[in-house]
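J.: After the C-alpha cells below, expect a handful of questions from me.
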Amino acid sequence: MKWAGVIIFFSVLFNSIPGICQHDYIYQTNLITIYYNDRSVLLRFKERIKPDAMALAIDNILLGEELNPDEELKRYVDKLFQKVQLILDMPRPKLKIKMRLFSEYDDLMKVYNKYTKGKGASPPAFFMESENTIFINVRAVTRGILAHEMAHAVISDYFIIDPPSNVAEILCRYVDKKISGQSFQRFPGKRRY
Ligand SMILES: [Zn+2]
C-alpha cells in the first residue's frame, strides 16, 4: 500500500469499531494495519516511534540498504512488534493487529470512554482486545508505550486463557522498560492500561 493510503469504502466492516470510520486512510505493513485521517498524523507517529540513531545505524549496516521514507514506518512498527515477541519469548509470527492514530487527545478519550464508560486513567494509548486494535494518541505515544500495548496484544493472543491482568501488566511493563532502556521495577504502580 502506498504512503498516501486509500480511502476505505467498506464502511460496514469498520463502522462497528469506535474511532475507525469509512473516511480513514490505511497504511499497511506486513503485520499491522494502521488507520489515520491525515498524513501529518502518520508522519508524527513515525517520528515518535523512530528507533534511536544508534539502532538505526546498526540496522542500515546490517541490511545494507537505504529505505525510502514511505517504507521506513513499515520497518519501525513491524520490527518493534517482532522485538516485543522476542522479549516476551512468545513468538506469534502470524499475528496481525490494527492501530488507529489520533492527533487529538479528546478524540482518543472519546473512544476510551466508550469502552470503559468513563472510568479510570487517561492513557496515551490502549489495546482493546475485542477489536484487536491499539488506539494511539500520536502526541503522547513513545516507543516504550507502543511496545507496552503491543505486548498486551501478543499476550492476549498467546494464551488460550488470559493471564490475570496484573501478570499481563507486569510483563508489558517489562517490555516497555526493555525497549526504553530503563531498569525494571517488579511491582506496578498506579499507572495501568
Ligand atoms: Zn498495560
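Start counting the sequence shown at 185; every next residue gets the next number (my numbering). Even glycine gets a Cβ: it sits at the ideal position worked out from N, Cα and C.
1. With a threshold of 7 Å on Cβ separation, who are the neighbours of residue 188 within its own chain once the five nearest residues in sequence on each side are excluded?
2. Residue 280 by DSSP, collapsed to three states: which one?
3. For ligand 1, is there any heavy atom lying closer than 8 Å to the beta carbon of residue 356?
4. Is the beta carbon of residue 353 within less than 8 Å of some heavy atom of ligand 3?
5. Check whether the Cβ of residue 207 lies closer than 8 Å to any heavy atom of ligand 1, and answer yes or no.
6. Check residue 309 in the structure and name its three-state DSSP category.
7. Let me confirm a value: residue 222 is counted as buried when at least 16 other C-beta atoms fall within 10 Å, else exposed. Which label applies?
8. In this structure, how does DSSP classify residue 185 when only helix, strand and coil are distinguished?
9. Looking at the structure shown, is residue 321 part of a helix, part of a strand, or coil, going by DSSP?
10. Could you tell me whether the Cβ atoms of residue 216 and residue 282 are closer together than 9 Å?
11. In whole angstroms, give me the CA-to-CA distance for residue 230 and residue 359.
12. If you pair each beta-carbon of the region 286-306 with each one of the region 262-272, do three or more pairs fall below 8 Å?
13. Who does residue 211 pair with in a DSSP beta bridge?
T.: Straight from the coordinates:
1. Summary for residue 188: the model assigns pLDDT 47, below 50, so the residue's position carries little reliability; its value from the coordinates is reported in the next sentence. Correct list: empty, nothing qualifies.
2. coil
3. yes
4. With respect to ligand 3, the structure shown offers nothing to examine, as its ligands consist of ligand 1.
5. No, ligand 1 has no heavy atom inside 8 Å of this Cβ.
6. strand
7. exposed
8. Residue placement at residue 185 is flagged as unreliable, the pLDDT there being 44, under the threshold of 50; the coordinate-derived value follows with that caveat. Three-state DSSP puts residue 185 in coil, outside helix and strand.
9. strand
10. Against a cut-off of 9 Å, the Cβ pair of residue 282 and residue 216 comes out as a contact.
11. 20 Å
12. no
13. 218
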